[in-house]
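Chemist: Shown below is the structure under consideration.
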Amino acid sequence: MTTRNTKVMNRFDVTSRLIAKLKHEEAVIGGIGNTNFDLWAAGHRPQNFYMLGSMGLAFPIALGVALAQPDRRVFALEGDGSLLMQLGALSTIAALKPKNLIMIVMDNGIYQITGAQPTPAASVADIVGIATASGLANSAWAADEEDFERLVEEAMSRSEPSLIAVRIDDKPGVGTTRRDPVQIRERFMHGLGVREPL
Amino acid sequence: MAIAEQQAQAAQGSGDKSWHGIVLQTLKRNEISLIPYVPDRVLTPLIKNLHADPFFTTFATAREEEAVGIVSGAWMGGRRGAVLMQTSGFATLANVLASLAVPYQIPLIMFVSERGTLGEFNYGQSLVCRTMRPVLDSLALEHHTITRLDELEFIADRSIKQAVTTQAPVALILNPLLTGGKTFDK
Numbered sequence: 092m093t094t095r096n097t098k099v100m101n102r103f104d105v106t107s108r109l110i111a112k113l114k115h116e117e118a119v120i121g122g123i124g125n126t127n128f129d130l131w132a133a134g135h136r137p138q139n140f141y142m143l144g145s146m147g148l149a150f151p152i153a154l155g156v157a158l159a160q161p162d163r164r165v166f167a168l169e170g171d172g173s174l175l176m177q178l179g180a181l182s183t184i185a186a187l188k189p190k191n192l193i194m195i196v197m198d199n200g201i202y203q204i205t206g207a208q209p210t211p212a213a214s215v216a217d218i219v220g221i222a223t224a225s226g227l228a229n230s231a232w233a234a235d236e237e238d239f240e241r242l243v244e245e246a247m248s249r250s251e252p253s254l255i256a257v258r259i260d261d262k263p264g265v266g267t268t269r270r271d272p273v274q275i276r277e278r279f280m281h282g283l284g285v286r287e288p289l
Numbered sequence: 009m010a011i012a013e014q015q016a017q018a019a020q021g022s023g024d025k026s027w028h029g030i031v032l033q034t035l036k037r038n039e040i041s042l043i044p045y046v047p048d049r050v051l052t053p054l055i056k057n058l059h060a061d062p063f064f065t066t067f068a069t070a071r072e073e074e075a076v077g078i079v080s081g082a083w084m085g086g087r088r089g090a091v092l093m094q095t096s097g098f099a100t101l102a103n104v105l106a107s108l109a110v111p112y113q114i115p116l117i118m119f120v121s122e123r124g125t126l127g128e129f130n131y132g133q134s135l136v137c138r139t140m141r142p143v144l145d146s147l148a149l150e151h152h153t154i155t156r157l158d159e160l161e162f163i164a165d166r167s168i169k170q171a172v173t174t175q176a177p178v179a180l181i182l183n184p185l186l187t188g189g190k191t192f193d194k
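Chains A and B, in that order, are what the protein sequence lines are.
The first sequence begins at 92 in the numbering used here and counts up by one.
The second sequence begins at 9 in the numbering used here and counts up by one.
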């Protein structure tokens, strides 16, 4: 980890840069905690889904959306602690090769929302190494903000899944997601064109 | 050999009359096409036939929670799915049921192969099985234990339709009396 030549970025800034690039009603699944708060704060979109529990399932939920709507790009935002809880999902995704799924991992090595305790793999495990070895060949660390934007663009033109890992600081999330699960799901389904509003 | 197993094997020749044939046809009729699973010996013929049928997208996941996440996402994206697992797999799901399927009102359809009962020889399976119905009951989650071939289609078909129309999860427990279960010599 010490050899990684990557800048420590800010999650809200990186999330905002991602959202600014979305022009085609792409779906975005926000993992629990600060990942979710920053997605909310970056500007609410009907195509955003906010998780309020089920830690580690941002990628599986996004995979389900991607399989249901193969013509829509689907992004998932996950923290390093959450991902560690469900590493098997990387192999499942690699085996299925959904052409429209883009995974983003915000890695600060801590469980920030519970008091900043280090994750069990902090400073020893390499998320991109794990993803690559799980079969996700298009996995990369973003060196800086510009590189992150370039990787997002590259991923959006691919017909294979991609994973982008970002080293982030320990700043708390900017907003607070409204905690109404049914409203979140219903709005998301409207955003995906599955439902019409009443 | 269990009577149910003999019946199930005898029915395999006639295709749709086996328990797994009925499950497959019921899924198809209800437009449930995405089937992630963590396998169980008893589910083998169902899983094999789902893989063989191009209507279905069938694949293994590393963990049952993952499969629940996938079909939940798929439902929101407009595609119906169901998860296949055994009782020990169900035992890993309390968190995802209580924090995703139930509060977000997602019609999660689960087929659970019931291990740990009626002659089970694996101590771990038998204890873990006893945790299943208390978990389902504590979440007020609809569940049915299917023991008879002649009731399978009605229970499965109606339960799926109820799950979809009421946007609530359902567990269909496939008892050894239906499937033959896992036998001592395997």
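Think of the CB as a built atom: it goes at the ideal place given N, C-alpha and C, for glycine as much as any other residue.
Between the alpha carbons of tyrosine 112 of chain B and histidine 281 of chain A, how many angstroms are there, rounded?
Modeler: Within the second sequence, the letter at position 104 stands for residue 112 of chain B. Within the first sequence, the letter at position 190 stands for residue 281 of chain A. Each residue's alpha carbon lies about 15 angstroms from the other.
Chemist: In its own chain, which residues sit with a C-beta less than 7 angstroms from the C-beta of alanine 234 of chain A, not counting the 5 before and 5 after it?
Modeler: One-based indexing of the first sequence puts residue 234 of chain A at position 143. The residues are Asn96, Thr97 and Lys98.
Chemist: Report the partner residues of glutamine 94 of chain B according to the DSSP bridge assignment.
Modeler: Within the second sequence, residue 94 of chain B is the residue found at index 86, counting from 1. According to DSSP, glutamine 94 of chain B bridges with B:Ser121.
Chemist: Using the Cα positions of isoleucine 154 of chain B and methionine 194 of chain A, report the straight-line distance between them to the nearest angstrom.
Modeler: Here residue 154 of chain B refers to the residue found at position 146 when the second sequence is read from its first residue. Here residue 194 of chain A refers to the residue found at position 103 when the first sequence is read from its first residue. One C-alpha to the other measures close to 40 angstroms.
Chemist: Output yes or no for whether 8 angstroms exceeds the beta carbon distance between methionine 118 of chain B and leucine 185 of chain B.
Modeler: Walking along the second sequence from the start, residue 118 of chain B turns up at place 110. Walking along the second sequence from the start, residue 185 of chain B turns up at place 177. Not a contact, by the Cβ cut-off of 8 angstroms.
Chemist: Quick check: isoleucine 201 of chain A and isoleucine 152 of chain A, are their CB atoms within less than 8 angstroms of each other?
Modeler: The residue labelled residue 201 of chain A in the question sits at position 110 within the first sequence. The residue labelled residue 152 of chain A in the question sits at position 61 within the first sequence. No. Outside cutoff.
Chemist: Within 8 angstroms (strictly less), CB to CB, does leucine 108 of chain B reach chain A?
Modeler: Along the second sequence, one-based indexing puts residue 108 of chain B at 100. Leucine 108 of chain B counts as touching chain A.
Chemist: What residue from B:Lys25, B:Asp158 and B:Gly77 has the CA that sits closest to tyrosine 45 of chain B's CA?
Modeler: Along the second sequence, read from residue 1 onward, the residue named residue 45 of chain B stands at position 37. If we check each option's Cα against that of tyrosine 45 of chain B, B:Gly77 comes out closest.
Chemist: Ends of the alpha helix (DSSP H) at proline 161 of chain A?
Modeler: Counting from one through the first sequence, the residue named residue 161 of chain A turns up at place 70. Run containing proline 161 of chain A: none; DSSP gives neither H nor E here.
Chemist: What residues from chain B crowd round threonine 183 of chain A, counting only those whose CB sits closer than 7 angstroms?
Modeler: Taking the first residue of the first sequence as position 1, residue 183 of chain A is located at position 92. Thr69, Ala70 and Glu74, listed in chain order.
Chemist: Taking 8 angstroms as the threshold (beta carbon to beta carbon), is isoleucine 40 of chain B in contact with chain A?
Modeler: On the second sequence, position 32 is the one that residue 40 of chain B refers to. Not closer than 8 angstroms to any Cβ of chain A, the Cβ of isoleucine 40 of chain B fails to qualify, so no.
Chemist: By Cβ distance, which residues of its chain are closer than 8 angstroms to threonine 69 of chain B, with the 5 residues on each side in sequence left out?
Modeler: Position 61 of the second sequence, counting from 1, holds the residue named residue 69 of chain B. Counting only Cβ-Cβ distances below 8 angstroms, and skipping sequence neighbours, we find Pro44, Tyr45, Val46, Ala75 and Ile78.
Chemist: DSSP three-state call for histidine 281 of chain A: helix, strand or coil?
Modeler: Within the first sequence, the letter at position 190 stands for residue 281 of chain A. Note: histidine 281 of chain A maps to helix in three-state DSSP.
Chemist: Using 10 angstroms around the beta-carbon of valine 215 of chain A, count the other beta-carbons present and answer buried if the total reaches 16, otherwise exposed.
Modeler: On the first sequence, position 124 is the one that residue 215 of chain A refers to. Exposed: under 16 other Cβ atoms inside 10 Å.
Chemist: From the DSSP output, which residues share a beta bridge with proline 209 of chain A?
Modeler: As a first step, residue 209 of chain A is located in the first sequence; it is residue number 118 there, counting from the start. The partner list for proline 209 of chain A (beta bridge, DSSP) reads A:Ile201.
Chemist: Could you check what DSSP says for alanine 148 of chain B in three-state terms: helix, strand or coil?
Modeler: Within the second sequence, the letter at position 140 stands for residue 148 of chain B. Alanine 148 of chain B falls in the coil class under three-state DSSP.
Chemist: Within the same chain, show all residues whose beta-carbon is closer than 8 angstroms to that of arginine 37 of chain B, passing over the 5 residues directly before and after it, in chain order.
Modeler: Numbered from 1 along the second sequence, position 29 holds the residue referred to as residue 37 of chain B. Answer for arginine 37 of chain B: Asp165, listed in chain order.
Chemist: Label glycine 29 of chain B either buried or exposed according to how many other C-beta atoms from any shown protein chain fall within 10 Å of its C-beta, with 16 as the threshold for buried.
Modeler: Locating residue 29 of chain B in the second sequence gives position 21, where the first residue counts as 1. Buried.
Chemist: Would you list, in chain order, the members of the region 145-168 of chain A that have their beta-carbon closer than 9 angstroms to a beta-carbon of chain B?
Modeler: Correct list: Ser145, Met146, Gly147, Leu148, Ala149, Phe150, Pro151, Ile152, Ala153, Leu154, Gly155, Val156, Ala157, Leu158, Ala159, Gln160, Arg163 and Val165.
Chemist: Taking the straight line between their C-alpha atoms, what separation do you get for arginine 108 of chain A and leucine 35 of chain B?
Modeler: The residue labelled residue 108 of chain A in the question sits at position 17 within the first sequence. The residue labelled residue 35 of chain B in the question sits at position 27 within the second sequence. Taking the straight line from one Cα to the other gives about 42 angstroms.
Chemist: Please determine, among A:Leu181, A:Ser248, A:Lys188 and A:Glu245, the residue with the shortest C-alpha to C-alpha distance to valine 297 of chain A.
Modeler: The structure shown does not extend to residue 297 of chain A, since chain A is modelled only from 92 through 289, so no value can be given for it.
Chemist: If you check the beta carbons only, do glutamine 4 of chain B and serine 96 of chain B fall under 8 angstroms apart?
Modeler: Limits of chain B in this structure are 9 at one end and 194 at the other, which puts residue 4 of chain B out of reach.
Chemist: Any beta-carbon of chain A closer than 8 angstroms to the one on glutamine 33 of chain B?
Modeler: Residue mapping note: residue 33 of chain B aligns to position 25 of the second sequence, counting from 1. No, glutamine 33 of chain B lies away from the interface with chain A (no Cβ there is under 8 angstroms from its Cβ).
Chemist: Ignoring anything shorter than 3 residues, give me the beta strand (DSSP E) runs that lie fully in the region 119-149 of chain A, in order along the chain.
Modeler: As far as the region 119-149 of chain A is concerned, its whole beta strand (DSSP E) runs of at least 3 residues are 139-141.
Chemist: What's the call for tyrosine 131 of chain B, buried or exposed, on a 16-neighbour Cβ count within 10 Å?
Modeler: The residue given as residue 131 of chain B occupies position 123 in the second sequence. Counting Cβ neighbours within 10 Å, tyrosine 131 of chain B comes out exposed, since fewer than 16 surround it.
Chemist: Find out if the Cβ-Cβ distance for the pair leucine 143 of chain A, proline 272 of chain A is shorter than 8 angstroms.
Modeler: On the first sequence, position 52 is the one that residue 143 of chain A refers to. On the first sequence, position 181 is the one that residue 272 of chain A refers to. Yes, the Cβ-Cβ distance between leucine 143 of chain A and proline 272 of chain A is below 8 angstroms.
Chemist: Give the single residue among A:Leu154, A:Thr268 and A:Asn125 whose Cα lies nearest to the Cα of threonine 183 of chain A.
Modeler: Taking the first residue of the first sequence as 1, we reach residue 183 of chain A at position 92. Of A:Leu154, A:Thr268 and A:Asn125, the residue nearest in Cα terms is A:Leu154.
Chemist: Let me see if you follow: with CB-CB separation under 8 angstroms, is methionine 93 of chain B close to chain A or not?
Modeler: Residue 93 of chain B sits at position 85 when you count from the first residue of the second sequence. No, methionine 93 of chain B does not count as interfacial toward chain A.
Chemist: Note down, in chain order, every chain A residue with its Cβ under 9 angstroms from the Cβ of proline 177 of chain B.
Modeler: Along the second sequence, one-based indexing puts residue 177 of chain B at 169. Ordered by position in chain A, no residue passes the 9 angstroms Cβ test against proline 177 of chain B, which lies about 13 angstroms from the chain.
Chemist: Here's the rule: buried if 16 or more other CB atoms are within 10 angstroms of the residue's CB, otherwise exposed. What is glutamine 160 of chain A?
Modeler: By one-based count along the first sequence, residue 160 of chain A stands at place 69. So glutamine 160 of chain A ends up on the buried side.
Chemist: Can you name the start and end residues of the alpha helix (DSSP H) that valine 219 of chain A belongs to?
Modeler: Start at 1 with the first residue of the first sequence, and residue 219 of chain A comes out as number 128. Note, valine 219 of chain A: alpha helix (DSSP H), 218-224.
Chemist: Under the assumption that isoleucine 55 of chain B contacts leucine 92 of chain B (Cβ atoms under 8 angstroms), give the Cβ distance between them as a whole number of angstroms.
Modeler: For the purposes of this step, residue 55 of chain B is taken as the residue at position 47 of the second sequence. For the purposes of this step, residue 92 of chain B is taken as the residue at position 84 of the second sequence. Confirmed, about 7 angstroms.
Chemist: Could you tell me whether the Cβ atoms of alanine 60 of chain B and proline 115 of chain B are closer together than 8 angstroms?
Modeler: Position 52 of the second sequence, counted from the start, is the residue given in the question as residue 60 of chain B. Position 107 of the second sequence, counted from the start, is the residue given in the question as residue 115 of chain B. Result no, Cβ atoms of alanine 60 of chain B and proline 115 of chain B do not sit closer than 8 angstroms.
Chemist: Is it the case that the Cβ atoms of isoleucine 259 of chain A and leucine 242 of chain A are separated by a distance below 8 angstroms?
Modeler: The residue given as residue 259 of chain A occupies position 168 in the first sequence. The residue given as residue 242 of chain A occupies position 151 in the first sequence. No, Cβ-Cβ distance for isoleucine 259 of chain A and leucine 242 of chain A is not below 8 angstroms.
Chemist: What residue ranges within the region 225-254 of chain A form continuous alpha helix (DSSP H) runs of no fewer than 4 residues, ordered along the chain?
Modeler: You should have 236-247.
Chemist: Go through its chain and collect everything with a Cβ distance to leucine 135 of chain B's Cβ below 8 angstroms, but skip five positions before and after it.
Modeler: Taking the second sequence and counting its residues from 1, the one referred to as residue 135 of chain B is at position 127. Excluding residues within five positions, the ones whose Cβ falls inside 8 angstroms are Gly124.
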